[in-house]
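Engineer: In the UniProt record's numbering, the protein residues as written are 1 to 143.
(1) Need the endpoints of the alpha helix (DSSP H) that residue 49 sits in, please.
(2) For residue 109, collect the residues of the same chain with a Cβ closer than 8 Å to its Cβ; drop the 5 residues on either side in sequence, then sort them by chain order.
(3) Can you list, in chain order, the residues of its chain whose CB lies under 7 Å from that of residue 33, leaving out five sequence neighbours each side?
(4) Tell me the rounded alpha-carbon separation between residue 114 and residue 31.
(5) Give me, in chain order, the residues of the same chain whose beta-carbon lies closer than 8 Å to that of residue 70; leave out the 5 immediate sequence neighbours on both sides.
(6) Mind checking who residue 150 pairs with in its DSSP beta bridge?
Put into structure tokens, the structure is as follows:
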């Protein structure tokens, strides 16, 4: 993005680019820069370890104590209901661990390389240049 901003500035200063057109091109570039900054903040700010530990312990403590609170009202249905609730809470906790780092290279992370390749293909097609082949999934995952 810095290279593109420098290119725009050089063309504007050399008189090769109309100032109004340069300003119109700089607005989306500023938006991209803001988005990149937000993504870098997300990537660089993991959840605190203590938060993860408290969530983990709270989920397991709740699932352990839940049958004692439900046994009087549900009697024989208690194990079934507790199993469903425990599965739901433990799954949500595992999901939060998985979503903590969205910009990694694991199968459940965002496929940023594939997205960038698709954007590149679209831009090349718009410019009339040869389009590279579409990315192929590896083990059913686009990376």
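Virtual Cβ for every residue (Gly too), placed ideally from N, Cα, C.
It should be emphasised that the depicted structure is a prediction, and the values quoted were computed from it without experimental measurement.
Structural biologist: In this structure, then:
(1) Per DSSP, residue 49 belongs to the alpha helix (DSSP H) from 49-74.
(2) Taking residue 109 as the centre and dropping the five residues before and after it, the same chain places the C-beta of 101, 102, 103 closer than 8 Å to its C-beta, in chain order.
(3) Here the set comprises 1.
(4) The straight-line gap from Cα to Cα measures roughly 21 Å.
(5) Contacts found: 78, 81, 82.
(6) This structure cannot speak to residue 150, because the chain is shown only from 1 to 143.
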